[in-house]
Amino acid sequence: MQIYSRPDSKGAVQTIRAANGATSPCWNLASKRVGSYDLNDPLIKVTFYRSLDCKGAPSATFPQGPVSRSHVMIKAKSVSITKVKAISLRDHHDNL
Numbered sequence: 001m002q003i004y005s006r007p008d009s010k011g012a013v014q015t016i017r018a019a020n021g022a023t024s025p026c027w028n029l030a031s032k033r034v035g036s037y038d039l040n041d042p043l044i045k046v047t048f049y050r051s052l053d054c055k056g057a058p059s060a061t062f063p064q065g066p067v068s069r070s071h072v073m074i075k076a077k078s079v080s081i082t083k084v085k086a087i088s089l090r091d092h093h094d095n096l
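According to the UniProt record's numbering, the sequence shown is numbered sequentially starting from 1.
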């Protein structure tokens with residue numbers, strides 16, 4: 001994941017990645033301004049927090065969807081990413 005301080009993938013960039021296999025890791029951000037971000041996985045929920053260490057109420061949550069958000073414009077000090085499990089409707093329908 002790359003987080004940019006300005007919209008349209010511009011400004012200061014911070015690259016974060018889950019190295020230990022955690023399902024919902026938390027990172028403190030280098031810049032308190034978030035202008036845009038890019039993901040490499042569409043099945044990720046992204047939550048930004050105004051406090052350090054992903055504590056307290058979130059300032060913004062972006063559910064799974066596009067791998068890029070070009071205009072976010074929020075203030076945050078930490079970010080948490082959660083892997084969302086894919087649901088196969090075909091398997092569910094076959095079991096009914």
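Ideal Cβ positions, reconstructed from N, Cα and C, are used throughout, including at glycine.
Predicted, not measured: the structure shown is a model, and the values here were computed from it.
- Burial check for A76: the Cβ neighbour count within 10 Å reaches 16 or more, so the residue is buried.
- Here C26 is bridged, per DSSP, to S80.
- If you look at A60, you'll find it in the beta strand (DSSP E) that goes 58–62.
- For the options I74, S5, P25, the alpha carbon positioned closest to that of I44 is the one of P25.
- Of the residues assessed, S78 falls on the buried side of the cut-off, its CB having 16 or more other CB atoms within 10 angstroms.
- Residue range 10–15 is occupied by the beta strand (DSSP E) that includes V13.
- Inclusion of D38 and V84 in the CB contact set at 8 Å is not warranted, their separation being larger than that value.
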